[in-house]
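Working notes for the structure below.
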Amino acid sequence: MRLALLVSYDGTPYRGWTDLRDVALRPALARVLGCSESDLQPGQQPSLPLLEAASRTDAGVHAAGQVCTLSLDDAVPPDRRSRLDTARLAYSLNALLPPEVCVRCAALVADGFDVRSNVGKQYTYRLSTASTRDPLRRLHEWHVPPRRGRPGWDAAAVASTAAAMLGTHSFAAFGNRPRGGERSVEVDPVCTLSELRLSQGGLSEASSAGRWAFTVRGDRFLYKMVRNLVGSLVKVGYGEMEGGELLEALADGRFRRGESVPITAPPHGLVLDSVEYAAGEDPFSSSSAGLN
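Note that UniProt numbering gives residue 108 to position 108 of the sequence shown, counting from 1, and the numbers run on in steps of one.
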């Protein structure tokens, strides 16, 4: 038996998913699942459960719907597994977690459930083209003001270029090399984008002037692909690149100006909205959508 968690977090203080997992989630799980200090011998440390996530978000990237799982076979004694109350467990975890992390829901899943066998993900990337920055939004949107003497923001050019990139393509030009030990692993660059849409509005509709959001949805993504797409489209929006250059790079697997993407959007504007699973496999389809 496995435990699935639906987690949201502000990634600002963390060096990515692995850091957040090890600093916040695993210690809290060790306490809630029974490895409290009262259960330990003097000098013994709690056994931290292993957690697998659907997406290993980078440093500074946020999530509204990250999905992660752990095996209960090693973490919880057999006599306690059948009595595990997932709603109570979620509340107990939230009592221990730091304020920037929240378990929205918990559910029991079969041993065969693989959190990475999802059929898609959806992201939102927020940016501001306002002439002045908003200090209250600085950790959650990319401020890209217009430059003096340069063309202004052309949302129509961005939208038309983005629409032309939908479908199944090799996105080799928009992916970075994998990290660490995965650098030598050959990665299939073919992905299907079902949505790449620019809309006006930010965190609050009360002040949407100059605020924009990219909605990006697809079956899979290369490393830093979403941020590379956004950065490139922002170049198009300010007339620093032609939309045709992005489409050529999409077809050729590289940019004319070099082999690397022109600009990678910074991490703090990116949010993992949701992880999608095939019908009947979503751990939370029959669970509460969140905690009240």
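Built from N, CA and C at the ideal position, the CB exists for glycine as well.
Residue i vs residue j beta-carbon contact at 8 Å
{"i": "T69", "j": "V115", "result": "yes"}
{"i": "G60", "j": "P267", "result": "yes"}
{"i": "G218", "j": "L193", "result": "yes"}
{"i": "T161", "j": "P145", "result": "no"}
{"i": "R26", "j": "L6", "result": "no"}
{"i": "A75", "j": "L20", "result": "no"}
{"i": "H62", "j": "D22", "result": "no"}
{"i": "Y123", "j": "N176", "result": "no"}
{"i": "L139", "j": "T12", "result": "yes"}
{"i": "L89", "j": "R31", "result": "no"}
{"i": "G239", "j": "R150", "result": "yes"}
From the options, residue whose alpha carbon lies closest to that of residue i
{"i": "R2", "options": "G34, L108, G243, P49", "result": "L108"}
{"i": "G120", "options": "S285, F284, Y277", "result": "Y277"}
{"i": "A209", "options": "E186, N94, A110, T132", "result": "T132"}
{"i": "T215", "options": "L222, L229, Y223", "result": "L229"}
{"i": "A156", "options": "A279, N176, G243, R138", "result": "G243"}
{"i": "V103", "options": "L29, Q122, G152, D22", "result": "L29"}
{"i": "A279", "options": "N118, R15, H62, P77", "result": "N118"}
{"i": "C191", "options": "L272, T168, Q200", "result": "T168"}
{"i": "F171", "options": "D188, N94, A110", "result": "D188"}
{"i": "M225", "options": "M165, N94, P77, Q200", "result": "M165"}
Cβ-based burial, residue i [other Cβ within 10 Å; buried from 16]
{"i": "D85", "result": "exposed"}
{"i": "D282", "result": "buried"}
{"i": "P99", "result": "exposed"}
{"i": "G112", "result": "exposed"}
{"i": "A249", "result": "buried"}
Same chain only: Cβ atoms within 6 Å of residue i, ignoring 5 sequence neighbours per side
{"i": "R126", "result": "E141, G202, A213, G269"}
{"i": "P135", "result": "none"}
{"i": "V101", "result": "Y9, A24"}
{"i": "F284", "result": "L6, C105, A107"}
Close-in-space but distant-in-sequence residues of the same chain around residue i (CB under 7 Å, 5 per side omitted)
{"i": "L72", "result": "M1, R2, L3, R81"}
{"i": "E195", "result": "T215, V216, R217"}
{"i": "R256", "result": "E245, E248"}
Nonlocal neighbours in the same chain, by C-beta distance under 8 Å from residue i, ignoring five residues either side
{"i": "D252", "result": "A173"}
{"i": "M241", "result": "S232, K235, P262"}
(request) Decide if the stretch 233 to 246 is in contact with the stretch 260 to 276; the criterion is three or more beta carbon pairs, one per stretch, under 8 Å apart. (result) yes
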